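Engineer: Dumping the structure here so I can ask a few things about it.
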Amino acid sequence: MNETLRALPRVDDILEYVDEDLPRAILLDCIREVLDNCRNAIIAGAAAPTKETIAEMSIALAKSKSTPVLRPVINATGIVLHTNLGRAPLAESVAEHVKQVALGYSTLEYDLQTGKRGSRTIGIENLLTTLTKSEAACIVNNNAAAVLLTLSALCTGREVVVSRSELVEIGGSFRVPEVISQGGAILHEVGATNKTHISDYRNAIQDSTAAILKVHTSNYKIMGFTHEVSTKELADLSREIGVLSIYDLGSGSFVSFAGEPTVQQAVADGMDIICFSGDKLLGGPQCGIILGGKEHIAKIRTHPLYRALRADKLTLAALEATLGLYRDIDNAKSQIPALSMLLAQPAMLKEKAALLLEQLDKKLDARLQKTDGQAGGGSLPLQEFESWAVAIPQSSQLSVEELEKHLRNWKTPIITRIHKNTLLLDVRTIEERQFEEIVECVAAYNRAASY
Ligand SMILES: *Cc1c(COP(=O)(O)O)cnc(C)c1O
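Quick look at the structure:
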């Protein structure tokens, strides 16, 4: 064993075998790591690998270490706002604008007219107030932050009345009761799981009440014997009694999808404060948007938490450019990927799937299959989005599990799903320019499997 250990090559010996274009410092670290592993393996009784093998292992390790863990993938799941895959993709023109801002200096807090310090969100506020008819607006990192900040700035030490049907948990650790207590407010539950009436709210309001909070149950639906109080009724009641009405709208759509409340409607109904995400149905960057009257927004913006939760310049650049597209709604629908994907009609998707099928290797026995996709991101939970997929069935020659893994490990990972022993490539979320890479990846699998 000692002899085998002594015979192991040195780092310099291995370097000679490597003519890849990799950063030298990373390569040296990786060779050392591989040699260490070899030493341990030899001590455990393994044979010594050849220099070539050690070089190959070192290159593979260096390559994997030089590849960012966060990188682009092809989403073939058909789920548009896929939480694990980064929710909403940005529009092309938005990404271009972000790039320009990222690469240089910008007017982040500079007013070109006066040559003095300016506001970092004035452009966004103007767009939001124009688009939604709200009086004022403010931006933070995500909607969870928006709700927490709102409660902290406007409700600390006082009661917040919420329906028992709306004590929602959103993915991660966002739970309405916990956010309320984190914001320093006291939860006052009213109604029952399935029914809450306006009288329940009215009876709960007392001197210590700061607000009525309505939470959009964006990721589930209660059906059957149910009743919920509309935003209009809640806004009217809160105005009559003199408490705030706050709406955690979650998905924050500017366009009406079957039954989904829009931001504009919530403003028109008279809710005092409305919070929603930038990267759900709006189709912009991850951020939280707070709309409300000037006085309330000023209180929120001067709260110390605002400084801790405010969004960075790249997010602001992406949000302003995305909102800009909404000035022409048809423009927004065609250019914002989340919107155009969600609005794509089944007939169009079938044609798109046929186009992909045509390019794929005929040996696969692939065919077209109708799917019922979901919006994802905890939005529109019941709405089925009929879509079309290229379906590759399990066969004696082909393991769909192996194919799924091969696609997932491709240079641009291709994320698919398996349903009833069939691998599905749902075209709702695949861009046509990505077909070529999918075809290439599947062909490489076929060559390797060589059936
Ligand atoms: C998604 C959602 C949140 C959390 O929003 P993030 O932007 O993910 O922080 C909060 N409330 C509701 C109702 C939601 O749907």
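Per our numbering, the sequence shown starts with residue -6, numbered consecutively.
Don't be surprised by glycine CBs; every beta carbon is placed ideally from N, CA and C.
It should be emphasised that the depicted structure is a prediction, and the values quoted were computed from it without experimental measurement.
Give me the residue from Val248, Ala251, Ile191, Thr202 with the minimum Cα distance to Leu227.
Structural biologist: Ile191
Engineer: Between Thr60, Glu49, Ala146, Glu424, which has its C-alpha nearest His296's C-alpha?
Structural biologist: Ala146
Engineer: If you count every other CB in all the chains shown that lies within 10 Å of the CB of Glu253, and 16 or more means buried, which is it?
Structural biologist: Per the 10 Å Cβ criterion, buried.
Engineer: Please name the residue in Tyr319, Arg421, Pro16, Ala34 whose C-alpha comes closest to that of Ile72.
Structural biologist: Arg421
Engineer: Can you name the start and end residues of the beta strand (DSSP E) that Ser174 belongs to?
Structural biologist: Note, Ser174: premise wrong, no beta strand (DSSP E); alpha helix (DSSP H) at 169 to 175.
Engineer: Is the distance from the Cβ of Thr405 to the Cβ of Glu430 below 7 Å?
Structural biologist: yes
Engineer: Hey, is Asp241 close to ligand 1, as in C-beta under 6 Å from one of its heavy atoms?
Structural biologist: yes
Engineer: Compute the Euclidean distance between the alpha carbons of Ile19 and Arg3, then round it to the nearest angstrom.
Structural biologist: Looking at the two C-alpha atoms, the distance is approximately 16 Å.
Engineer: Are there three or more Cβ pairs, one per stretch, closer than 8 Å when the stretch 364 to 376 is compared with the stretch 72 to 88?
Structural biologist: The stretch 364 to 376 and the stretch 72 to 88 touch, with no fewer than 3 CB-CB distances between them shorter than 8 Å.
Engineer: May I ask whether a heavy atom of ligand 1 can be found less than 6 Å away from the beta carbon of Ile266?
Structural biologist: The answer is no for Ile266.
Engineer: Can you name the start and end residues of the beta strand (DSSP E) that Ile282 belongs to?
Structural biologist: 281 to 285
Engineer: Would you call the stretch 51 to 66 and the stretch 350 to 366 touching, i.e. three or more CB-CB distances under 8 Å?
Structural biologist: no
Engineer: Could you tell me the alpha carbon to alpha carbon distance between Ala130 and Gly116, rounded to whole angstroms?
Structural biologist: Going from the Cα of Ala130 to the Cα of Gly116 covers about 11 Å.
Engineer: According to DSSP, is Ala337 part of a helix, a strand, or is it coil?
Structural biologist: coil
Engineer: Tell me whether Ile163 counts as near ligand 1, meaning its Cβ is closer than 6 Å to at least one heavy atom of that ligand.
Structural biologist: yes
Engineer: Could you tell me the alpha carbon to alpha carbon distance between Ser246 and Trp403, rounded to whole angstroms?
Structural biologist: Between the alpha carbons of Ser246 and Trp403 lies a gap of roughly 34 Å.
Engineer: Pull up the distance between the alpha-carbon of Ala137 and that of Leu144, whole angstroms please.
Structural biologist: 11 Å
Engineer: Looking at Leu237: is its Cβ nearer than 7 Å to the Cβ of Val155?
Structural biologist: no
Engineer: With a CB to CB cut of under 7 Å and the five nearest residues on each side skipped, what residues in its chain are close to Leu302?
Structural biologist: Val133, Asn134, Ala138, Leu142
Engineer: Please report how far the alpha carbon of Asp241 lies from the alpha carbon of Thr186, in whole angstroms.
Structural biologist: C-alpha of Asp241 to C-alpha of Thr186: approximately 18 Å in a straight line.
Engineer: Could you tell me which whole alpha helix (DSSP H) segments of length 4 or greater appear in the stretch 42 to 123?
Structural biologist: 44 to 59, 85 to 96
Engineer: With respect to the alpha helix (DSSP H) encompassing Val256, which residues constitute its N-terminal and C-terminal limits?
Structural biologist: 256 to 262
Engineer: Can you check which of these residues, Tyr98, Arg151, Arg168, Ala311, is closest to His181 by C-alpha distance?
Structural biologist: Arg151
Engineer: Of all the options Leu336, Lys273, Trp381, Glu395, which has the alpha carbon lying nearest to the alpha carbon of Ala81?
Structural biologist: Lys273
Engineer: Between the Cα of Leu416 and those of Ala311, Val393, His220, Asp104, spot the shortest distance and give me the residue it belongs to.
Structural biologist: Relative to the Cα of Leu416, the nearest Cα in the group Ala311, Val393, His220, Asp104 belongs to Val393.
Engineer: Considering only the beta carbon of each residue, do Ala84 and Gln328 sit closer than 7 Å?
Structural biologist: yes
Engineer: So what does Leu361 bridge to, in DSSP terms?
Structural biologist: Val383
Engineer: In chain order, which continuous runs of the alpha helix (DSSP H) of length 4 or greater are located wholly inside the stretch 292 to 317?
Structural biologist: The alpha helix (DSSP H) runs lying completely inside the stretch 292 to 317 and spanning 4 residues or more are 297 to 302, given in chain order.
Engineer: Looking only at its chain, what residues have a beta carbon closer than 7 Å to the beta carbon of Leu58, apart from the 5 residues adjacent to it on each side?
Structural biologist: Checking the displayed sequence, the identity of residue 58 turns out to be Lys instead of Leu. Taken in chain order, the residues that qualify are Ile19, Cys23.
Engineer: Over what stretch of residues does the beta strand (DSSP E) that includes Ser156 continue unbroken?
Structural biologist: 152 to 156
Engineer: Within the same chain, show all residues whose beta-carbon is closer than 6 Å to that of Arg113, passing over the 5 residues directly before and after it, in chain order.
Structural biologist: The answer, listed in chain order, is Leu101, Glu102.
Engineer: Could you give the residue range of the alpha helix (DSSP H) that holds Lys398?
Structural biologist: 393 to 401
Engineer: Under the criterion of a Cβ to heavy atom distance below 6 Å, does Ala178 qualify as lining ligand 1?
Structural biologist: no
Engineer: Does the distance from the CB of Ser127 to the CB of Val248 come in under 7 Å?
Structural biologist: no
Engineer: Taking only three categories from DSSP, how would you classify Tyr240?
Structural biologist: strand
Engineer: Gly286 and Gly271 look like a contact to me (Cβ under 8 Å); what is the Cβ gap, rounded to whole Å?
Structural biologist: Not a contact, Cβ separation roughly 21 Å.
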